[in-house]
Each structure stands twice: as C-alpha cells, then as structure tokens.
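Data block below; observations after.
Protein chains: 2
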Amino acid sequence: MKLQYYQKEDQVLLAVDCIIFGFDKKDLKVLLVKRDFEPEKGKWSLIGGFLKRNENLDEAANRVLNTLTGIKDIYMEQFYTYSEIDRDPGQRTISVAYFALIDVHSHQFDGILIDGAQWFKLNKRPQLIFDHNQMVQKAINRLRRKTQTKPIGFELLPEKFTMRQLQNLYESILDCKLDKRNFINKVNQLDILDKLDEKDMTSSRKGSFLYRFNEKKYKEKLEEGFNFKI
Amino acid sequence: MKLQYYQKEDQVLLAVDCIIFGFDKKDLKVLLVKRDFEPEKGKWSLIGGFLKRNENLDEAANRVLNTLTGIKDIYMEQFYTYSEIDRDPGQRTISVAYFALIDVHSHQFDGILIDGAQWFKLNKRPQLIFDHNQMVQKAINRLRRKTQTKPIGFELLPEKFTMRQLQNLYESILDCKLDKRNFINKVNQLDILDKLDEKDMTSSRKGSFLYRFNEKKYKEKLEEGFNFKI
DNA sequence: GCAAAAGTGTTTTGGCTACACCCATGG
DNA sequence: CCATGGGTGTAGCCAAAACACTTTTGC
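Residue numbers (this note's numbering), protein chains in the order written: chain C, 345 to 574; chain E, 345 to 574.
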C-alpha cells in the first residue's frame with residue numbers, strides 16, 4: 345500500500361455519465377437506460393457508473409458504456425464535472441460527464457441493446473433523473489460548437505454514406521436547414537472524403553454516390569492545424 | 345446522516361487546481377505558489393486544495409483561491425478533470441481544473457500576495473509539479489478560444505482602461521500582433537464600452553481616452569446570442 | 001411521361017485585412 | 001520645434017450566402 349499523504353481530507357464518490365449520441369436516418373438520438381436500482385429506480389437516466397481505484401476517467405467511461413451496451417473502444421470526450429451537493433439524493437456524488445458519437449446501426453453491437461436501454465430522438469426524450477437533463481443540453485451545445493472546428497459525425501454515420509446523409513446529420517445537429525450546393529462545396533474543399541464508384545439506390549431512382557471518410561488525409565490536415573468548419 | 349445507497353463503491357480524493365491569469369501592463373501572467381507540504385514540497389505549483397463535503401466545486405475553487413491569496417468572489421470557469429492514476433504521487437487524487445482572470449493590480453487584494461505566491465510571465469514560468477504544466481497549457485488554449493466568442497479580459501484590466509491596454513491584452517493572449525485600427529473598429533462594433541471624458545496621461549503627452557466596460561449593454565447582447573469575436 | 005431525388009456554378013455581398021498620415025502635447 | 005504615442009478611413013480581396021435548372025430512371 346502506497347503512503348497516504350492526505351489522510352485527513354474528505355473522500356467522495358466519483359461517477360461518470362455518458363451522453364451517447366446516435367444518428368438514425370434523419371434523426372439525432374440519445375441513448376438512455378431505465379435505472380434498475382435505487383434511488384429513482386425505473387426512471388430514465390444516462391448511462392453511468394462509478395470510477396474505480398484502478399482506472400482513470402476515460403477508462404471508466406468506456407467500461408461503463410461497454411457493460412451497459414456492449415459498445416467497445418469508442419471515442420469519448422469529457423466535457424464537464426457536476427458537483428452540486430444534492431445532485432444525487434442517494435449519496436453525495438460528483439459526476440464527470442462524457443459524450444460520444446456512434447452509428448445507431450453499427451454492426452459493432454448489431455444495433456441490439458441490453459434490456460432497458462433505448463434510443464430517443466433528442467427532442468422527444470423523456471425527463472431524466474438528477475441533473476441529467478442539464479448534462480444532455482450542455483453536450484448538445486458542445487457538439488454544435490465542435491462542428492465549427494472538427495469534421496464531426498463520421499462516427500455517427502455508417503462507413504459508406506451519401507452526401508445527403510451527411511447533410512441531414514449536420515442539419516440535425518445544428519437544428520437548421522443548409523443549402524445543398526454550399527454544403528457539398530464546403531465538404532469537398534475539406535478534401536477528407538473518398539468518393540466511391542458505388543451508388544446507394546435505396547434513396548432515389550437515380551441513386552446517389554457513396555463516400556468514405558479518409559482518415560489518413562484527415563490526420564495530415566489535422567497536424568497542419570487545418571480548420572474544418574462547415 | 346443521510347441514507348447511503350452506494351456503500352460498496354470506491355471513494356477518492358477530489359482536488360481543485362486554479363490557473364489564475366493576470367495581466368500586468370504588457371504581460372499575461374499566471375499565479376503560482378511554492379508548495380509547503382509533502383510530497384514535492386518547495387516546488388512550484390498551481391493554487392489548489394481538496395473538495396470538502398459541504399461545498400460544490402465552484403465553491404471549493406473560490407475558497408482555495410481566497411485562502412491562498414485573499415482574492416474573493418471572482419469568476420472562475422471549470423475546464424477539465426484530470427484523473428491519471430499516478431498523477432499525484434502522494435495519493436490517488438482526481439483534480440478538477442479551473443481558470444480565472446484578474447487584474448494583477450486589483451485593489452481587491454492590494455496586489456499583495458501571501459508568502460510563497462508569485463506572478464510569473466506565462467512564457468517564463470517554472471516547471472510545475474504533477475500534470476500542472478499540462479493544465480496551464482490547456483487553460484491557455486481555452487482562454488484563446490474564448491476570445492473568439494466572448495469579450496474576455498475586462499476582468500483582467502482595471503475598471504478604466506485605454507484601447508491600447510485592451511489591445512495589448514489581446515495580443516498577449518493570442519500571442520500575435522494586431523492592427524491598431526482594425527482592433528479599435530472591431531471593439532467599437534461590439535458596442536459594449538463607454539468612452540469616458542477622462543484621459544490617461546501617463547502613457548503619452550497627448551493622453552489617451554479611458555473606456556469602461558458597460559455590463560448592461562453586454563448582457564443584453566449576450567441574451568440575443570451576439571457573437572463577440574475580435 | 002412523370003415524379004422524386006441527385007447533381008452541378010455563378011453572382012452578389014459583407015466582413016476582414018492591409019495600409020499611412022495628421023494630431024496634440026510636454027519637454 | 002520635435003519626439004512620442006494617439007487617433008482616424010478606405011480600398012481591395014476573399015469567403016460565405018443566395019440562388020435554379022438539368023439529369024436519371026423506376027414506375
């Protein structure tokens with residue numbers, strides 16, 4: 345056992361809560377679970393759990409997500425720590441909030457969720473326990489701001505996607521209509537997509553070309569400090 | 345004593361660390377203290393302390409700052425939580441980092457600091473303990489990004505200030521030269537300053553007009569979602 | 001042949017940048 | 001009268017926004 349220098353200080357419970365954003369056709373969604381323990385058992389809640397001694401917060405967030413959904417090793421970003429004294433009526437708990445982006449139909453988990461977990465359209469989500477509503481709102485704001493500097497959302501789409509799908513995604517995140525031509529021009533300027541020879545024939549008679557995210561190009565541009573504003 | 349619902353979970357020490365930015369004539373500075381307890385006693389460190397049971401993190405940050413410097417009730421912003429397992433060799437500690445902006449010559453504390461505390465020019469700061477260097481770097485990045493959306497820095501200046509001082513401040517934060525005329529034009533467009541009838545005569549023979557931040561105008565524009573990019 | 005979505009360029013506009021000279025004053 | 005910092009306006013450029021028609025093909 346390591347020497348304990350700060351014996352007299354108060355210790356607290358530290359939790360992580362995950363806002364998992366998903367994209368499904370035209371809708372931005374969030375993954376929620378029905379809480380199966382007290383207090384507030386049976387109410388909708390974010391996916392969360394407690395930090396353990398042998399892990400850091402990023403690891404805790406991934407572990408919690410994996411345990412509750414089967415989703416593994418995805419990119420998660422810490423964004424704020426909530427510490428109001430009575431935020432959790434069960435016991436004094438400080439919670440570090442993370443958000444993540446995934447494709448709702450990812451084969452990673454075959455779109456199958458554990459019992460009690462469910463995707464909700466962002467604007468039709470139920471009331472959540474504690475300060476979780478606040479967390480979701482702040483996560484949305486972060487996500488919006490992030491679109492202004494990073495090519496967000498390739499995690500939210502399948503590997504191959506159409507321009508229209510990408511535009512729908514940006515429109516859901518930013519909650520506004522975008523001009524089709526301007527959007528395509530800007531995305532092409534970023535020069536981080538490969539246009540494939542395949543077409544998606546499900547959306548129209550003409551069919552629309554599929555694109556794939558080119559991670560190599562993206563990383564090169566990232567190094568150069570490129571700005572990915574859409 | 346409240347019911348404890350989560351008895352079996354690990355508890356941890358939660359600290360706050362404060363990056364206090366100050367502005368002094370032409371230099372952006374950061375306030376550091378010589379650590380007077382083990383481990384790493386005698387080395388330079390951020391101002392920090394542990395969260396207590398009866399306070400939230402914002403309160404803890406202000407209490408810690410007040411205890412170590414006498415500075416009271418200033419605006420502090422939480423920006424990241426550090427949780428690497430061995431970040432503090434003394435004991436497993438998670439630390440929530442805050443940054444704040446103040447005028448180095450504020451009468452609030454008469455510019456007098458407690459023993460062991462000292463202002464350092466940002467680019468001449470000493471090596472810090474633990475992950476504190478990392479924290480300072482992230483805080484600087486936040487501060488820079490913040491200039492693009494909020495009229496930062498009125499906290500960093502005295503109540504009355506000249507355009508030149510404001511420009512110096514932005515130049516130190518962004519670490520670049522700005523064009524005098526463009527800067528003044530942009531600031532005037534924001535329309536959140538009152539030009540006073542007074543002049544500051546210390547900087548030149550002609551003297552330069554003093555300005556004051558108009559908080560009312562600022563808040564009105566803030567409500568409307570105005571963007572304060574400089 | 002028509003409905004439904006895909007694909008494609010140009011023009012306009014507003015904001016950002018670059019830039020140089022006169023002013024007021026104390027010494 | 002001169003040295004020092006203060007104060008002021010404009011022209012050119014580029015990036016963002018607005019905008020409409022043709023193509024394809026399954027039905």
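Note that beta-carbon positions come from the ideal geometry of N, C-alpha and C, so glycine has one too.
Give a yes or no on whether the minimum CB-CB distance between V408 (chain C) and chain E is below 8 Å.
For V408 (chain C), the answer is no, since every Cβ of chain E falls outside 8 Å of its Cβ.
Start and end of the alpha helix (DSSP H) containing D402 (chain E)?
From DSSP, the alpha helix (DSSP H) with D402 (chain E) extends over 401 to 413.
Closest residue to R431 (chain C) among C:T411, C:K378, C:L472 (Cα-Cα distance):
Ranking C:T411, C:K378, C:L472 by CA distance to the CA of R431 (chain C) puts C:L472 first.
Do I363 (chain E) and L390 (chain E) have their C-beta atoms closer together than 8 Å?
Yes. Within cutoff.
From G414 (chain E) to L457 (chain E), what distance separates their C-alpha atoms?
Distance from the CA atom of G414 (chain E) to the CA atom of L457 (chain E), rounded to whole angstroms, is 8 Å.
For S439 (chain E), does the three-state DSSP call read helix, strand or coil?
Three-state result, S439 (chain E): strand.
Quick one: Cα of L487 (chain C) to Cα of I517 (chain C), how far?
Linking L487 (chain C) to I517 (chain C) through their CA atoms gives a straight-line distance of about 7 Å.
Quick check: the Cα distance between Q533 (chain C) and L510 (chain C), rounded to an integer number of angstroms?
Rounded to whole angstroms, the gap between the alpha carbons of Q533 (chain C) and L510 (chain C) is 15 Å.
So L357 (chain E) and T437 (chain E) are supposed to be a Cβ contact under 8 Å. How far apart are they, rounded?
Rounded, the Cβ-Cβ distance is 5 Å, consistent with contact.
Within 8 Å of chain C by C-beta, residues of the region 428 to 452 of chain E in sequence order:
Those residues of the region 428 to 452 of chain E that come within reach of chain C (Cβ to Cβ, closer than 8 Å) are E428, I429, G434, Q435, R436, T437, I438, V440.
Which residues in chain C have a C-beta closer than 8 Å to the C-beta of N400 (chain E)? List them in chain order.
Neighbours of N400 (chain E) on chain C, chain order: S427, E428, I429.
Per DSSP, K504 (chain E) is paired with what?
In DSSP, K504 (chain E) forms a bridge with E:R556.
Going by beta-carbon coordinates alone, are S427 (chain C) and L401 (chain E) separated by less than 8 Å?
Taking 8 Å as the Cβ cut-off, S427 (chain C) and L401 (chain E) qualify as a contacting pair.
According to a CB-to-CB cut-off of less than 7 Å, which residues of the region 499 to 522 of chain C neighbour chain E?
Here the close residues number zero.
Is the beta carbon of K378 (chain C) closer than 8 Å to that of V448 (chain C)?
Contact flag unset, no.
For S547 (chain E), count neighbouring C-beta atoms within 10 Å of its own C-beta (all shown protein chains included) and say buried if the count is 16 or more, exposed if not.
Flag for S547 (chain E) reads exposed.
Helix, strand or coil at I473 (chain E) according to DSSP, with G and I counted as helix
DSSP places I473 (chain E) in coil when its eight states are reduced to three.
Contact belief for D371 (chain C) with K465 (chain C) at Cβ below 8 Å, rounded distance in angstroms:
D371 (chain C) to K465 (chain C), Cβ: 5 Å. Contact.
P495 (chain E) versus chain C: which residues are under 7 Å apart at the beta carbon?
What P495 (chain E) touches in chain C: nothing, since even the nearest Cβ is about 18 Å away.
Neighbour list for L357 (chain C) in chain E, Cβ cutoff strictly below 7 Å:
Neighbours of L357 (chain C) across chain E, judged by C-beta separation under 7 Å: Y350, E353, Q355.
Which residues mark the beginning and the end of the beta strand (DSSP E) in which I391 (chain E) is found?
I391 (chain E) -> beta strand (DSSP E) spans 391 to 394.
Using the beta-carbon of each residue, which ones in chain E are nearer than 9 Å to K490 (chain C)?
For K490 (chain C), no chain E residue has a C-beta closer than 9 Å to its own C-beta; the minimum C-beta separation is roughly 12 Å.
Going along chain E, which residues have a C-beta under 8 Å from L395 (chain C)?
Neighbours of L395 (chain C) on chain E, chain order: D354, V356, S427, I438.
Give me the DSSP bridge partner(s) of V377 (chain C).
Answer is C:S389, C:A461, bridged to V377 (chain C).
Using CA coordinates, which residue listed in C:F505, C:E499, C:E564 is at the minimum distance from Y555 (chain C)?
Ranking C:F505, C:E499, C:E564 by CA distance to the CA of Y555 (chain C) puts C:F505 first.
Alpha carbons only, please: which of C:I536, C:L445, C:Q478 is nearest the one belonging to E564 (chain C)?
When each option's Cα is compared against that of E564 (chain C), the closest is C:I536.
Verify the contact flag: F553 (chain C), CB atom, against every heavy atom of the ligand SAH, threshold strictly below 7 Å.
Of ligands this structure carries none, so the ligand SAH is not represented either.
Quick one: measure Cβ to Cβ for D361 (chain E) and G392 (chain E), integer angstroms, because I've assumed they're closer than 8 Å.
Contact flag correct, Cβ pair sits at about 4 Å.
So within the region 492 to 543 of chain C, which uninterrupted alpha helix (DSSP H) runs reach at least 4 residues, ignoring any that extend past its ends?
Here the runs fully enclosed are 507 to 518, 524 to 534.
Quick check on DSSP: helix, strand or coil for V448 (chain E)?
If DSSP states are grouped into helix, strand and coil, V448 (chain E) belongs with coil.
Own chain, CB closer than 7 Å to K385 (chain C), minus 5 neighbours either side, in chain order
Answer for K385 (chain C): R379, listed in chain order.
Can you pull the chain E residues whose beta carbon is under 9 Å from the beta carbon of Q462 (chain C), in chain order?
Under a criterion of Cβ atoms nearer than 9 Å, no residue of chain E is adjacent to Q462 (chain C); the nearest Cβ is some 24 Å distant.
Rank C:R489, C:K494, C:V480 by C-alpha distance to the C-alpha of T493 (chain E) and give the top, closest one.
Nearest C-alpha to T493 (chain E): C:R489.
Sort out for me which residues DSSP pairs Y424 (chain C) with in a bridge.
Y424 (chain C) is bridged to C:A441.
Going by DSSP, what residue range makes up the beta strand (DSSP E) through Q355 (chain E)?
According to the DSSP assignment, Q355 (chain E) belongs to the beta strand (DSSP E) that extends over 355 to 368.
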